Structures are given as structure tokens and as C-alpha cells.
Amino acid sequence: MYQQGFSLIELLMGLAIAAIVLPWAGSGYKALIESTERKDAALLLASGLRSARSEAITRNRTVVIRGIDNDWGRGWRITLDDDEKTLLMERSGRARVIGNWPVKRSVRFSSQGEALLPSGAFQAGTLHVCAKREPLSHHQVVLARTGRISLRSEKAEQAVCEKGLKAGNGRVALSASRK
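In UniProt numbering, the protein residues as written are 1 to 179.
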């Protein structure tokens, strides 16, 4: 006799295999999403810095790009130096972005497109797009002394990426590996 469909045993075996495989697929999908979010954040940040530099040159005025609430991961705001009027604002929030000291909170471009500190000294630094649970920098937005912006994608352990990690989310493993 010809049979159509599945037997109960075949159906239960299929469900059991799916229950075993789905957690692996889910964690891989989550890692892919986080990787895409980090890359997008790095590209948008580099684009924002380039836009701020272009505005400074075009307007022949000093332009500042600041992290929203002093946090680059939340997004940034481009303003004229002597005016709080926002020229452009980009909101983010999916990736951890941390800058080293010279670019920790803001970047100021002169009318010639050079990056300068408020004191007039040149400003150069790196904004790191960090992993959520590890002290690793996956992408780096580098500000050169001349004001030029470059984007690098080098996976490296960074001390600035340790900021904001919760105990037990990678910091303990890092401390143990240094001993």
C-alpha cells in the first residue's frame, strides 16, 4: 500500500534534530548581526568625520563633531564651533565606539580642514569600534594630523575597549590570560 506523509517517529526525529541544531545556528546569526552592526558603525562614523571636515572647508569656519552625550556609540552631532546650531546629526546605538584621549569626546576641524584641539595644537587619534563582550577593537577610524580620515579593519586587543565591560563578560578571562 502507498503511504503519504510522515510517521510519528519520523516527525519526532526531525523535531529532535532541529532542537539540537537551532541553538548553533542562532549563535552564529547573532555573531553575524553584531559584526554587521560594528562595520556599519565604523563606516557611518568615518563618513560623519569626513562630512564635518568638508563642512569646515566649504564654510571656511571651524566645525566640531561631538559624540552625543559624550558617547560616540550613541551617535554624533556636527555643529559650527561658535554656534550650537546642529548642521547634521546621526543617531546610532548598536555598537560600542570608544576614542583614545585626543578624540574621546569631539573632533574640531579648522577652516583648512586640519584637526585641531581647542588650544590650537594638532589633533590626531583613533576611534575604536569594540566588541560588545570582549576588549577587542574590530574597526578603527583613524584621524591623522592633517585631518584626513582612514578606516582600518584590524582585530586587536585594546585597553580602551575594556571600558564599559561588565565583570565576567570577558574582563576576567583577559586578566587570567595576562598572568
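Ideal Cβ placement from N, Cα and C applies to all residues, glycine included.
Note that the structure is a prediction, hence the values are computed from the model and not measured.
Judged by DSSP secondary structure, residue 28 falls within the alpha helix (DSSP H) whose first and last residues are 8-59. As the crow flies, the alpha-carbon of residue 102 is around 23 angstroms from that of residue 132. The shortest CA-to-CA distance from residue 126 to any of 68, 158, 111 and 93 is the one to 158.
DSSP lists 129 as the bridge partner or partners of residue 97. Here the C-alpha atom of residue 165 lies approximately 34 angstroms from the C-alpha atom of residue 80.
Checking the DSSP bridge columns, you'll see residue 90 partnered with 76. Bounds of the beta strand (DSSP E) holding residue 152 are 149-152. Between residue 48 and residue 65, the gap from beta carbon to beta carbon is short of 8 angstroms.
For residue 140, the enclosing beta strand (DSSP E) starts and ends at 136-143.
The C-beta distance from residue 90 to residue 76 rounds to 6 angstroms, short enough to meet the 8 angstroms contact threshold. Using a Cβ-Cβ distance cut-off of 8 angstroms, the segment 104-114 and the segment 44-64 are in contact, since at least three pairs of beta carbons, one from each stretch, lie closer than that value. Distance between residue 18 and residue 139, taken at the CA atoms: about 35 angstroms.
Closest option to residue 148, judged by alpha-carbon separation, among 6, 52, 20 and 30: 52. Within a 10 Å sphere around the beta-carbon of residue 55 sit 16 or more other beta-carbons, which makes this residue buried. Within the same chain, no residue comes within 7 angstroms of residue 82 by CB-CB distance, once the 5 residues on both sides are set aside.
Residue 157 is bridged by DSSP to 136. The Cβ atoms of residue 45 and residue 97 sit closer than 8 angstroms to each other.
In this structure, the beta-carbon distance from residue 74 to residue 68 falls below 8 angstroms. By the C-beta density criterion, residue 42 is buried, having at least 16 other C-beta atoms within 10 angstroms.
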